[in-house]
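Heads up, the sequence shown is in UniProt numbering, so the first residue is 1 and it goes up one at a time. Here a beta-carbon is modelled for each residue, glycine too, at the ideal position from N, C-alpha and C.
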Amino acid sequence: MMKVLIADDQELIRESLRIVLDSKKNIEVTDAVANGQEVLRSIKECVPDIILMDIRMPKMDGVQCTQIVKELNPAIKIIILTTFDDDEFVYDALKFGASGYLLKGVSMDGLVEAIETVYSGRAMINPDIATKVVRLFSQMAQGDHSIHVEEKLVLELTKAEWKIIREVGKGASNKEIAEALFLSEGTVRNYLSTILNKLQLRDRTQLAIWVVQSHEFKNQQKVSGK
């Protein structure tokens, strides 16, 4: 049973989410709150597996709350719910440990899939904003927000794994990677898990940041002619 806490300052949204998610056999909604301060209170009473976190809330927004929650309990996973125009919040939310970033307009099936994906330990970024996220990571690559991987770990990557990494660098979803490389989504997930283990990275988000910063990745692009 996946325990989910909902945080959104719009009562209609949070109560609608509560009703829909409570109807799922494998999900239990622990609480539905209106701001970050209430999130911190709620997780003391009942620790959720996942928080659906609105990024714009009064008193304490989703970014600040994400930072505090991850400091208090790193095991709690956070999916940020936002609108298409919240670009300035993307990096901070992911930097502080959010595992997912979804548009509020996502379908309920898509939301449940994201919860299941994040619960299993993977990251989930809505395909509609993946390009924005990758562009932001490219900008970060010019700054000081580096993800470092030891060279000896990079040398362990196979050609097949580099194909997956190139697609992650383009902001492709698992489904898009599977279609591009003629693989099943399950195979793509297995490849990503192996890649993360080899590079000692926490999740897909760190991999994406490393990809756009990596000289090794650029060299692989030249070798492949892409």
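Determine the DSSP secondary structure at residue 123, reduced to helix, strand or coil. coil
Would you grab the beta carbon distance between residue 47 and residue 6 for me? Rounded to a whole angstrom, and I think it's under 8 angstroms. About 15 angstroms; that fails the 8 angstroms criterion.
Can you give me the C-alpha to C-alpha distance between residue 25 and residue 50, rounded to a whole angstrom? 16 angstroms
Spatial neighbours of residue 144 within its chain, please: CB distance less than 7 angstroms, with the 5 preceding and 5 following residues excluded, ordered by chain position. Summary for residue 144: the model assigns pLDDT 48, below 50, so the residue's position carries little reliability, and this model does not support an answer.
Got a sec? Which residues, its chain only, sit under 7 angstroms from residue 22 by beta carbon, not counting five neighbours each side? 29
Residue 108 by DSSP, collapsed to three states: which one? helix
Can you give the beta carbon distance from residue 79 to residue 114, rounded, assuming they're within the 8 angstroms contact cut? 6 angstroms
Bridge partners for residue 54 per DSSP, in chain order? 81
Beta carbon of residue 54 nearer than 8 angstroms to that of residue 109: no
Residue 150 burial status per 10 Å Cβ neighbour count (16 or more: buried): exposed
Kindly indicate which three-state DSSP category residue 28 falls into: helix, strand or coil? strand
Residue from 31, 172, 59, 65 whose Cα sits closest to the Cα of residue 95: 65
At which residues does the beta strand (DSSP E) containing residue 3 begin and terminate? 2–7
Exposure label - residue 160; buried when at least 16 CB within 10 Å: exposed
Neighbour-count burial assignment, residue 2, 16 or more Cβ in a 10 Å radius: buried
Hey, how far is the Cα of residue 27 from the Cα of residue 117? 13 angstroms
Residue 154 beta carbon less than 8 angstroms from that of residue 208: no
So, under 8 angstroms CB-CB, residue 93 and residue 69 are touching, yes? Tell me the CB distance rounded to an integer number of Å. Contact flag wrong, Cβ pair sits at about 11 angstroms.
With respect to the beta strand (DSSP E) encompassing residue 100, which residues constitute its N-terminal and C-terminal limits? 100–103
Let me confirm a value: residue 125 is counted as buried when at least 16 other C-beta atoms fall within 10 Å, else exposed. Which label applies? buried
Take residue 31 and list the residues in its own chain whose beta-carbon comes closer than 6 angstroms to its own, dropping the five residues that flank it on each side. 5, 42
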